[in-house]
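The structure appears below as structure tokens.
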Amino acid sequence: MIQVIKKGMIVGMVAASVIFTGCGNAAEPAAGSSAAEANADSGAAEINTGSSAASSGTASADENTEDTVETNSDAENYELLTREVFAMDTYMTFSAYGEDAEAALDEAEEEILRLDQLLAAESEDSEVAKLNQNGGGQLSDDTAYLIERSIALNQETDGAFEITVYPVKQAWGFTDENYRIPSDEELAELLPLVGSEQLELDAENKTVAYQKDGMKIDLGGITKGYASSRLTDIFMKHDVQGMINLGGNVQVYGPKPDGSDWRVAIQAPERTEENTLPWLSQAASGSASLAGLDYIGVLETNSQAVITSGGYERYFEKDGVYYHHIIDPKTGYPSDADLVSVTIVSEDGTLADGLSTSMFVLGLDKASEIWRAHSDEFDMILMDTDGNLYVTEGIKDQFTSDLEIHWIE
Ligand code: ADP
Ligand code: MG
Numbered sequence: 138m139i140q141v142i143k144k145g146m147i148v149g150m151v152a153a154s155v156i157f158t159g160c161g162n163a164a165e166p167a168a169g170s171s172a173a174e175a176n177a178d179s180g181a182a183e184i185n186t187g188s189s190a191a192s193s194g195t196a197s198a199d200e201n202t203e204d205t206v207e208t209n210s211d212a213e214n215y216e217l218l219t220r221e222v223f224a225m226d227t228y229m230t231f232s233a234y235g236e237d238a239e240a241a242l243d244e245a246e247e248e249i250l251r252l253d254q255l256l257a258a259e260s261e262d263s264e265v266a267k268l269n270q271n272g273g274g275q276l277s278d279d280t281a282y283l284i285e286r287s288i289a290l291n292q293e294t295d296g297a298f299e300i301t302v303y304p305v306k307q308a309w310g311f312t313d314e315n316y317r318i319p320s321d322e323e324l325a326e327l328l329p330l331v332g333s334e335q336l337e338l339d340a341e342n343k344t345v346a347y348q349k350d351g352m353k354i355d356l357g358g359i360t361k362g363y364a365s366s367r368l369t370d371i372f373m374k375h376d377v378q379g380m381i382n383l384g385g386n387v388q389v390y391g392p393k394p395d396g397s398d399w400r401v402a403i404q405a406p407e408r409t410e411e412n413t414l415p416w417l418s419q420a421a422s423g424s425a426s427l428a429g430l431d432y433i434g435v436l437e438t439n440s441q442a443v444i445t446s447g448g449y450e451r452y453f454e455k456d457g458v459y460y461h462h463i464i465d466p467k468t469g470y471p472s473d474a475d476l477v478s479v480t481i482v483s484e485d486g487t488l489a490d491g492l493s494t495s496m497f498v499l500g501l502d503k504a505s506e507i508w509r510a511h512s513d514e515f516d517m518i519l520m521d522t523d524g525n526l527y528v529t530e531g532i533k534d535q536f537t538s539d540l541e542i543h544w545i546e
């Protein structure tokens with residue numbers, strides 16, 4: 138199953154022969170997506186996170202698969218290989234170095250396409266879509282694992298993480314981009330279908346049965362984190378190191394080729410097309426420190442997943458009100474807690490993704506409470522609607538920002 142990467146292990150794996158410095162830029166970012174940026178002078182690659190591909194067009198996987206080879210004339214025979222793939226509705230970049238890097242990237246690409254086909258609720262012949270058509274059924278290892286973890290997360294987050302929210306997501310048009318505001322009556326009819334306790338999972342025999350007609354599940358809140366964990370396993374198997382960036386959801390495995398940590402830049406909440414920040418309170422959206430801010434801050438790591446959720450990632454506007462894609466399962470409305478951006482840092486990518494969605498729904502106080510009970514498993518970087526930055530103290534040595542940091546202890 139999922140291999141949790143231990144920090145010590147990664148450090149131990151760094152090949153002593155890696156003398157490469159100034160590794161340079163992994164790849165040219167595709168329009169509207171995140172990718173690795175680099176500072177050629179210092180070799181400090183910064184990976185931007187937080188952007189989804191909602192606006193990044195219609196490119197197909199075929200058109201967007203290419204390799205970039207970075208070589209450094211100073212280094213003897215060192216190559217950082219970078220692959221760009223369009224999948225899961227987002228631009229992705231995988232970078233690896235090591236003897237077997239090419240094979241690792243091939244397998245990583247294959248795996249991402251396989252998971253996309255298997256898990257996308259929106260594509261008709263995915264396993265998840267078939268489960269939804271049939272009210273359950275036999276599960277592959279991947280879906281069995283993900284449903285089991287999702288149910289556990291649901292219980293740990295007071296129901297905030299809720300994969301059965303899909304009928305409500307459909308009603309809002311987030312599944313086919315026919316955006317609309319469902320009536321209260323419509324939501325009242327759909328809400329009884331929402332509730333993970335109505336999923337009968339048989340983990341041993343790998344089956345699930347939905348208790349009510351019309352129930353549907355959606356693993357979109359956890360898929361990319363799971364995918365980056367799987368790719369990390371592939372890197373490990375091939376004994377290569379590198380970085381996986383799935384549309385702003387980043388997981389790194391081992392240090393950069395020069396031996397230093399990756400610098401993962403946490404993207405600030407994106408502006409709308411009208412150059413406004415409706416996710417923030419009026420005072421905050423006019424504040425000088427947030428105007429023009431590109432990054433909330435930078436996290437240095439060589440062994441973690443860094444996964445961000447924010448309402449600004451996918452939304453529509455009607456009559457001046459902004460509606461985004463993370464649903465509060467209790468109300469059936471886009472969640473309106475007090476956070477605009479939630480980044481979870483963890484060695485477990487699946488957990489990080491599930492929690493980023495959950496904490497966004499739960500808000501600052503409840504998120505802090507859950508962190509205090511599980512502070513050995515993850516850390517968080519949160520921005521609230523007033524533009525205040527809150528960071529858990531477990532990453533005090535790793536995170537820096539130009540903004541004032543309120544440490545959560
Ligand atoms: P991203 O789109 O970057 O993967 P998230 O990880 O936050 O962002 O996942 C958002 C997706 O999760 C939504 O598009 C939807 O498919 C699903 N979702 C929405 N609300 C919930 C929820 N309360 N619990 C679990 N999944 C949700
Ligand atoms: Mg998520």
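At position 176 of the sequence shown the residue is numbered 313 (my numbering), and the sequence of numbers has no breaks.
Just so you know, even glycine gets a beta-carbon here, dropped at the ideal spot from N, CA and C.
For the putative contact between residue i and residue j, defined by C-beta atoms under 8 Å, what is the C-beta separation to the nearest angstrom?
| i | j | result |
| --- | --- | --- |
| I381 | S397 | With a Cβ gap of about 18 Å, I381 and S397 do not count as contacting. |
| S531 | S512 | Strictly speaking, residue 531 in this sequence is Gly, with Ser absent from that position. Correct: roughly 6 Å between the Cβ atoms. |
| L383 | M225 | 7 Å |
| Y282 | Q378 | Incorrect: roughly 25 Å between the Cβ atoms, too far for contact. |
| G486 | Q388 | 5 Å |
| N491 | R286 | In the sequence as displayed, the identity of residue 491 is Gly instead of Asn. Yes, they are in contact, since the Cβ atoms of G491 and R286 sit about 7 Å apart, within 8 Å. |
| A564 | N269 | As displayed, the chain neither begins before 138 nor continues past 546, which places residue 564 out of reach and without an answer. |
Flag this pair as yes or no: are the beta carbons of residue i and residue j separated by less than 8 Å?
| i | j | result |
| --- | --- | --- |
| A428 | D523 | no |
| A240 | L218 | no |
| P406 | G358 | no |
| E484 | Q441 | yes |
| K353 | Y303 | yes |
| S418 | L540 | no |
| I249 | L324 | no |
| S478 | M520 | yes |
| E236 | Y228 | no |
| F515 | A489 | yes |
| T480 | I507 | no |
| I300 | L356 | yes |
| L255 | S263 | yes |
| K306 | I464 | yes |
| Y347 | G272 | yes |
| I371 | E216 | no |
| Y449 | W416 | yes |
Compute the minimum distance between the beta carbon of residue i and the heavy atoms of the ligand ADP, and state whether it is under 7 Å.
| i | result |
| --- | --- |
| G357 | yes |
| K393 | no |
| T529 | no |
| T438 | no |
| E293 | no |
| P466 | yes |
| K306 | yes |
| E299 | yes |
| K361 | yes |
| V302 | yes |
| E450 | yes |
| F311 | yes |
| I463 | yes |
| V498 | yes |
Considering only heavy atoms of the ligand MG, does any lie closer than 7 Å to the CB of residue i?
| i | result |
| --- | --- |
| S287 | no |
| T369 | no |
| D524 | For the record, residue 524 in the displayed sequence is Gly; it is not Asp. Flag unset: Cβ of G524 not near the ligand MG. |
| G491 | yes |
| T537 | no |
| S446 | yes |
| T494 | yes |
ask   = Can you find at least 3 beta carbon pairs, one from the stretch 303 to 315 and one from the stretch 337 to 347, that sit closer than 8 Å?
value = no
query = Looking at C-beta atoms only, is the number of pairs between the stretch 498 to 512 and the stretch 466 to 482 that lie closer than 8 Å three or more?
reply = yes
inquiry  = Using 8 Å as the cut-off, can you tell me whether the stretch 430 to 449 makes contact with the stretch 272 to 292, which would need three or more C-beta pairs spanning the two stretches below that distance?
reply    = no
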